[in-house]
Amino acid sequence: MSNLSVKLIYVRIDNRIECIEFDSNTSTEDLKETFRSAAEANPNDILKLYNFKGNLVSINNSLPVNISNEPYKLQVIVKNIVDYNNELRDLIDRIEHLEIQLNSLSSQRVEDLHLKVKHLCEKLENLDHLSFIGLFKDTRLYMVGNSINSKNSKNSDESKKQKIKNVNEKFKKFSMGKVNEETRKYLKSTSFDGWKFEDAELLVLLQQIFYDLDLVSNFSIKLENLQSYLIDIYSNYNDVPYHNFRHAFTVTQMIYSIICSIKLFDLVGPLEILALIIAGLSHDLDHDGFNNTFQINAQTHLAMIYNDNSPLEMYHCAVAFNILNKPESNIISALDKPSFKKLRDYVVQIILATDMASHNQIMTDFQKIVQEFDFKNSTHIKKLMIIIMKMSDISNECRPINVSSIWADNLMNEFFNQGDHEKLNGLPVTPMMDRESGITKSKSQIGFINFVLLPLAESLTKLFPVLRHVLIDPIKASLEYYKNLEAQEAK
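Note that the numbering used here gives residue 336 to position 199 of the sequence shown, counting from 1, and the numbers run on in steps of one.
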């Protein structure tokens, strides 16, 4: 299984570093469009790319790879704003002209003109148009894995269908070979770097997890059903900066790593192992990049149908079992009714627990049972499964900095995107999501590690000390890294 000549380059745009992925098949125009999207540049703006030495270089697929400490620099030469102002002035003049005519026309014609004026106003207020004429920066950019895709050309329904078709074909092709022992061993590591693999390869690795945990044999799962299930999982994730398929893979891989590290399969039954893997794959299905606070404040459809009660997590559960209900993707058809009921309860409770609104209560409940934990107690087992899921869900800082830093950037991009939409729609701006607040990645990560991630990891390692060197040690290393970064930023 190869990586198909994938290149990663780091580019400085204003005061931020973006990581961009492409391969030898990427055309020059597509690559330029990717750079344009990353810089939030208008279609007619001129792009200039400089290497670390300050030399002007051509944007094409032969660009040499670099490291984050020696990024390329992208400069955007903005098109003369006069052209855009003329278009805006013309639209305003048309509105004023229509308004002048209103008093002298019949009521029917007045109504017709009123609709025309309304249409023109909507055009002026439309996010796309305001962004195009330079009055508002459209931040709806979606970073999928390492690559940045523009909302207009890369995220359409047709392009998504074609992408899924291509990934499916590669997945089936790659599945004909064997995952080598070195990769299988690496897959069990908490330092696994998923950025090195393309989507189809990640699907093959997920398939391998099902085999290596004996889930295929224990639950009589047919290969065609498993592959259909994994493709359905892949298809139901969106091209948003953070809560995408790669996040689902990363979380599931960490669950797998923890299972192997503590030999959980010797402590609980195969049904519990299957529930954890399904929950990891499903926990953010069809996430739209906006959190529960946004859903509730914006009174979205999800908030309405789930009565403001963990709307996203409720919805992820529903999508998860809709996939499992499809005959071609049903990997749990061998379960009897009691086992299905138990698995469903596990998966639902585990996914609902990923709502950070319930984090403190879950932590309190688990800490009460750590000292007297009983693997024969079903309540204790369920709470342990929830903690493993929560640990895996926010475990990026357990990985090397070059892996975790990209995830931190992606999450901040998604947060700031939400903050922009909250402002645009007159909603309260969620804390930590205002790009103008001065929040930095280092400050954000230090607070998150100190108050959320480290206490969670410490609770789990009290029960399983063997995890300390693979969880606590790298988390503390990440904390030290961001403290040093914060100190440098303060100079």
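Don't be surprised by glycine CBs; every beta carbon is placed ideally from N, CA and C.
From a predicted model like this one, the values you see are computed outputs, not experimental measurements.
Proximity below 8 Å, CB of residue i to CB of residue j
| i | j | result |
| --- | --- | --- |
| S419 | A455 | no |
| I468 | L363 | yes |
| V143 | A178 | no |
| P407 | L480 | no |
| Y371 | V304 | yes |
| S398 | L604 | yes |
| T491 | E551 | no |
| N621 | S205 | no |
| Y366 | S466 | yes |
| A175 | E155 | yes |
| I518 | F512 | yes |
| T567 | T430 | yes |
| I586 | W332 | no |
| K527 | L593 | yes |
| L343 | F386 | yes |
| L548 | Y379 | yes |
| D369 | I460 | yes |
| D330 | H384 | no |
| I524 | L597 | yes |
| I487 | M522 | yes |
| Q555 | N428 | yes |
| N188 | L168 | no |
Neighbourhood of residue i by C-beta, 7 Å cutoff - its chain only, sequence neighbours within 5 removed
| i | result |
| --- | --- |
| S79 | The displayed coordinates of the chain run from 138 to 628. Any statement about residue 79 would go beyond what the structure contains. |
| S541 | N533, E534 and S615 |
| A435 | N562 and L564 |
| S476 | L408 |
| L590 | I531, E534 and I612 |
Close-in-space but distant-in-sequence residues of the same chain around residue i (CB under 8 Å, 5 per side omitted)
| i | result |
| --- | --- |
| A471 | F356, S357 and I358 |
| E623 | T577, S579, K580 and I583 |
| I410 | L350, L352, I396, L401 and F402 |
Cross-strand partners of residue i (DSSP beta bridge)
| i | result |
| --- | --- |
| L184 | V213 |
| R149 | I154 and K210 |
| L193 | Y187 |
| F159 | K144 |
Per-residue DSSP class, three states only, for residue i
| i | result |
| --- | --- |
| L350 | coil |
| E338 | helix |
| K144 | strand |
| Y371 | helix |
| L404 | coil |
| E177 | coil |
| T437 | coil |
| G331 | helix |
| D421 | coil |
| Q508 | coil |
| Y323 | helix |
| D571 | coil |
| R536 | coil |
| V304 | helix |
| F601 | coil |
Cβ neighbour criterion (16 or more within 10 Å) applied to residue i
| i | result |
| --- | --- |
| G191 | exposed |
| H438 | exposed |
| V484 | buried |
| H234 | exposed |
| M644 | Outside the shown range of the chain (138 to 628) lies residue 644, about which nothing can therefore be said. |
| E170 | buried |
| V316 | buried |
| I146 | buried |
| K274 | Only weak support exists for where K274 lies, its pLDDT of 36 falling under 50; the value from the coordinates is given anyway. K274 is exposed by the Cβ-count criterion. |
| K474 | exposed |
| Q625 | exposed |
| A412 | buried |
| A627 | exposed |
| S161 | exposed |
| H606 | exposed |
| I285 | Here the model assigns I285 a pLDDT of 33, short of 50, so the residue's position is not dependable and the matter cannot be decided. |
| R536 | buried |
| H183 | The sequence shown places Ile at residue 183, not His. Result: exposed. |
| N381 | buried |
| F588 | exposed |
Sequence-distant residues of its chain with Cβ nearer than 6 Å to residue i (five each side left out)
| i | result |
| --- | --- |
| R149 | P208 and K210 |
| D265 | With a pLDDT of 41 at D265, under the threshold of 50, the predicted position of this residue should be treated as unreliable, though the coordinate-derived value follows. Correct list: empty, nothing qualifies. |
| K185 | Q212 |
| D336 | V304 |
| Q345 | V316 |
| A440 | Q432, I433 and P448 |
| R153 | none |
| D571 | G556 |
Residue i Cβ short of 7 Å to the ligand GDP heavy atom set
| i | result |
| --- | --- |
| V316 | The model depicted lacks the ligand GDP and carries no ligand whatsoever. |
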